[in-house]
Amino acid sequence: MEIVVVLVAPVPVGHRVEVVWYEEVSRGLVPGQERVDDRDHQPLITDLDTGIAYGSDWVWGVSRRRRPDVPYEIGSRPRSELREQKKVTGVVRACRMVTIRGYPELEVQTHLTLELA
């Protein structure tokens, strides 16, 4: 299984991982209507051999308040508004980190090839 994510997740080849995709359901503008946000390329990736978890600000919930020289406030668990959509576990068989040179900043993608458990 090939997974492409828009975050930094340099998981070593041979490590076991759990990948969880989430969705956020919110009320639509019309009563009874729901809006689903399911960012396919922003799952939570946990290296089961080291315990390191890789995720985006969308998963962790990041305070947008920023002061100079002070880190963002970041949650320690996935946001409570999210519900699990899909989960897989497997072993990393290949990992590629890709830096995309854009203006004004750089973007990073991680490509993981998994052998599913």
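Each residue of the sequence shown is one higher than the last, beginning at 0 in numbering that gives the first Met the number 0.
For each residue, glycine too, the CB sits at the ideal point set by N, CA and C.
Quick caveat: nothing in here was measured; it's all calculated off a predicted structure.
Other residues of its chain near residue i: CB distance less than 8 Å, five sequence neighbours each side excluded
i, result
"G54", "L6, Q41, P42, L43, I44, P77"
"E72", "V61, S62, R64"
"G101", "none"
Neighbourhood of residue i by C-beta distance below 6 Å, restricted to the same chain and skipping five residues each side
i, result
"E1", "T112"
Helix, strand or coil at residue i according to DSSP, with G and I counted as helix
i, result
"V58", "helix"
"T121", "Coverage of the chain is limited to positions 0 through 116, which leaves residue 121 absent and any answer about it impossible."
"I0", "The residue asked about is misnamed: residue 0 is Met in this sequence, not Ile. M0: coil per DSSP, three-state reduction."
Candidates the options: closest to residue i by CA position
i, options, result
"R34", "V107, S62, E80", "E80"
"L115", "P103, V16, G74", "V16"
"L47", "E23, V18, E106", "V18"
"P9", "V24, R26, I51", "I51"
Inter-residue CB distance, residue i and residue j (contact presumed, cutoff 8 Å)
i, j, result
"W57", "R82", "In fact, because the Cβ distance is near 14 Å, the residues do not count as touching under 8 Å."
Cutoff 7 Å; reference residue i; Cβ partners in own chain excluding five residues on either side
i, result
"K85", "W20"
"E104", "none"
"G74", "W59, G60"
(message) Would you call the segment 10-29 in contact with the segment 84-93, where contact means no fewer than 3 C-beta pairs closer than 8 Å?
(response) yes
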